[in-house]
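Residue numbers (the working numbering), protein chains in the order written: chain A, 11 to 242; chain B, 5 to 279; chain C, 23 to 73; chain D, 27 to 262.
Backbone N, C-alpha and C fix where the C-beta goes; we use that ideal spot for every residue, glycine too.
Shown next, in structure tokens, is the structure this report addresses.
In structure tokens:
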């Protein structure tokens, strides 16, 4: 089975800022890969690029067999994204949010209810409006939506943030269970010791560039910048 | 591409090195200037005032500017709509720059139409504004396209800006006939026949003046578009140029980060082996 | 007397109209050319497609 | 294997199912937050009262201008309803979730438009009572009134949903939306006012021709919206 994620010298622009300035990355099926690097290095943009939310303007980028440069939209239903922003409706309750986003994502209602139970949200919390939840509970709700979606590729941006101790253990279990069931996980984290414990491989993101190829894979020739002296 | 040989030709053809002028635009500019002089002569001097039934006298000369300006702004917004459609199809920045330039020129011509229409209203109805259907729908169009320009200013990402303003450029133009039709119909209910009688009897030199005004407006629009397009194209190129520079800077920053991470990561890796 | 007054006021209207036209269009044209030079100066010649 | 990747996703059903899902979500948000009933409705009635201050409450003027004032109040309430409808979608990364979901953008457009349309109809019903009570007018020609309200609301909701998503992602959306929308919906104000005047004065079939114009306007914007919504959602 070829790589789930295959980036070669990929460039992504946020407005006019080249958030990703040359990414070489492979992620094999069933892997849990950790992205580490300073703030602003491009970890979030890389995850969003894999989810087809950010256009890849140069280089090659294929996720789950979908060529993101040509048309990035078909990859979206196949991935599950957990970002800093939870994508929840503040006025709806936890259960209503999970049920709406599950039906919007074409997953079954049974999976939604199972996910709620799995994340410990099926009790008193189910009918609490999301606006009144703590950051940790909001993240659990977002995780429940992701779990209900049963995506083939998990894209998690600092999944441990705002969670308490058993919340973090739960995230690690979810990741290993998902991979055990055939999914693949790519996540960014700053809690390096915990993250390394669960990750199969660590890749460094620095200044929008990544070199995370599996041994044996060939990196694309580094795209030399035009070498033009910038006009003052 | 040979750099322009600046010293050739008469002084008139010497082009400013950095400007957006070119041989073509300079010639067109000269044609427009000569045309303007001719137009002013015919419109103000040669043509007779209107002595028909409800004679407007000299005031008919205002029409020689008002009507061409109105036509020019419709042309400008039509070009914006076509360029927007072409951008959505071809996705090249040239079409986006053309749409933006034509819209801005259209807004200027619309302002001129409203201004001359208002002066015209004051001479005949004594008020600075009259709910004449053409004037009213022009005013609505004016606000809508100012909104178009505001939308362009509000979006930073060049690709997103181009795509969203292209869609608005088409929808806005699709609205012009609707607004026009409903305003005409609205005023025809209330305003009896005052508007119809006001179109002065235009013939002879007066017709020629109006005709010359229209031609001149088209040429002027073309000349303005030529320069405004090049300005837009150049400033977008400048934005993109900053991009290559930012890309180099980003990669340099990347190398620095990688070195720093490698330095800190070394001890942590050893710890991992130990476990 | 009335017609003379009317005639002069008619000519003032016409004068104001044409004056406003020249000022508006002329001012706009000047601003475009000026901005064009300012931006053109920052762009190396080969980038400019028109000259 | 409960977590096996869902290769067997439910098939993508019709656009209308997605529209119903989105509208249901909007109505449920309204049920929880009560913004339309609790804030927009009082605002609409307040506008009627302010008109009375502005137009000197000797009933002759207010009575004559009732159709126009009614639709003016609807227009201002529409702007608030659209801004509310899309501020819900631009909060906390919801737009990304919408893109990631398998909802058909045309379905999202129709769902949002239907939601806005329903809210507008509620506001219009309240305003009709308002003008009747406050301005002492008695509505006639109920069929024409109802037809006008339905077609005009469809047009306003479709155009509102389209311009709402166009302005959604922008920092200046609150100030940009009015100048983009009001010139566009001016024909709805004209047609609505004329049709209502014909209904109130029980005059000839003139009102039905204006209703026809409203229907054309609504149809045009539903079609434009279905095609233009996806690229706009993508870029907002």
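7 Å Cβ cut-off: residues of chain A touching residue i
i, result
"residue 119(D)", "93, 95, 96 and 97"
Partner residues on chain B for residue i, Cβ-Cβ distance less than 7 Å
i, result
"residue 219(A)", "255 and 258"
"residue 212(D)", "144 and 183"
"residue 256(D)", "Under the 7 Å cutoff, chain B gives no residues; its nearest Cβ is about 10 Å from residue 256(D)."
Where residue i falls, given that 16 or more other Cβ within 10 Å makes a residue buried
i, result
"residue 142(D)", "buried"
"residue 123(B)", "buried"
"residue 8(A)", "This structure cannot settle anything about residue 8(A), because the visible part of chain A is limited to 11 through 242."
"residue 73(A)", "buried"
"residue 94(B)", "exposed"
"residue 142(A)", "exposed"
"residue 253(D)", "exposed"
"residue 82(A)", "buried"
Closer than 8 Å to chain D by CB, residue i
i, result
"residue 201(B)", "Reliability of the predicted coordinates at residue 201(B) is poor, the pLDDT of 43 falling under 50, and the value obtained from them is presented with this limitation in mind. Taking Cβ atoms only, chain D never reaches closer than 8 Å to residue 201(B), which makes this a no."
"residue 191(A)", "yes"
"residue 222(A)", "no"
"residue 147(B)", "yes"
"residue 150(B)", "yes"
Helix, strand or coil at residue i [DSSP, three-state]
i, result
"residue 235(D)", "helix"
"residue 228(D)", "coil"
"residue 55(B)", "coil"
"residue 18(A)", "strand"
"residue 135(B)", "coil"
"residue 96(B)", "coil"
"residue 64(C)", "coil"
"residue 163(D)", "coil"
"residue 65(B)", "helix"
"residue 90(A)", "strand"
"residue 196(A)", "strand"
"residue 118(A)", "coil"
"residue 219(A)", "strand"
"residue 212(A)", "strand"
"residue 39(A)", "coil"
"residue 191(A)", "coil"
"residue 257(B)", "helix"
"residue 96(A)", "coil"
Residue i at chain C interface by Cβ criterion, 8 Å
i, result
"residue 239(B)", "yes"
"residue 252(B)", "no"
"residue 71(B)", "no"
"residue 49(B)", "no"
Interface flag, residue i vs chain B, CB-CB below 8 Å
i, result
"residue 27(A)", "yes"
"residue 198(A)", "no"
"residue 216(A)", "yes"
"residue 227(D)", "no"
"residue 32(A)", "yes"
"residue 183(D)", "no"
"residue 222(D)", "no"
"residue 123(D)", "no"
Closer than 9 Å at the beta carbon, the chain B residues around residue i
i, result
"residue 62(C)", "20, 21, 22, 23, 24, 234, 235 and 238"
Closer than 8 Å at the beta carbon, the chain B residues around residue i
i, result
"residue 250(D)", "175 and 178"
"residue 243(D)", "182"
Contact list for residue i against chain D, beta-carbon separation under 9 Å
i, result
"residue 154(B)", "198, 201, 202, 205 and 206"
"residue 94(B)", "Simply none; closest approach about 15 Å."
Within chain A, partners of residue i - CB distance below 8 Å
i, result
"residue 145(D)", "The premise fails here: residue 145(D) is roughly 14 Å from chain A at the closest Cβ pair, so nothing lies under 8 Å."
Under 8 Å by beta carbon: chain C residues contacting residue i
i, result
"residue 115(B)", "46"
"residue 63(B)", "32, 35 and 36"
Cutoff 8 Å: residue i Cβ touching any chain A Cβ
i, result
"residue 171(B)", "no"
"residue 243(B)", "yes"
Neighbouring residues, chain D, relative to residue i (Cβ below 7 Å)
i, result
"residue 186(B)", "213, 216, 217 and 239"
heavy atom of the ligand MN below 7 Å from residue i C-beta
i, result
"residue 57(C)", "Questions concerning the ligand MN fall outside what the structure shown contains, since it holds no ligand whatsoever."
9 Å Cβ cut-off: residues of chain A touching residue i
i, result
"residue 161(B)", "23, 24, 25 and 26"
"residue 247(B)", "23, 26, 27 and 28"
"residue 110(D)", "Within chain A, no residue comes near residue 110(D); the closest Cβ sits about 11 Å away, beyond 9 Å."
Requested in this report: Could you tell me whether the stretch 147–167 of chain B touches the stretch 219–226 of chain D, using the rule of 3 or more Cβ pairs below 8 Å?
Outcome: no
Requested in this report: Please confirm if the stretch 177–193 of chain A is in contact with the stretch 93–111 of chain A, defined as three or more CB-CB distances below 8 Å between the two stretches.
Outcome: no
Query raised in the report: Does the stretch 225–234 of chain B come within contact of the stretch 23–35 of chain B, defined as at least 3 CB pairs closer than 8 Å?
Result: yes
Query raised in the report: Are the stretch 181–200 of chain A and the stretch 234–242 of chain B touching, with three or more C-beta to C-beta distances below 8 Å?
Result: no
Requested in this report: Specify whether the stretch 37–50 of chain A and the stretch 93–101 of chain A touch according to this definition: at least 3 beta carbon pairs, one from each stretch, less than 8 Å apart.
Outcome: no
Query raised in the report: On the three-pair Cβ rule with 8 Å, is the stretch 101–110 of chain D touching the stretch 127–134 of chain A?
Result: no
Query - Cβ contact check for the stretch 106–126 of chain D and the stretch 228–247 of chain D: 3 or more pairs under 8 Å - result: no
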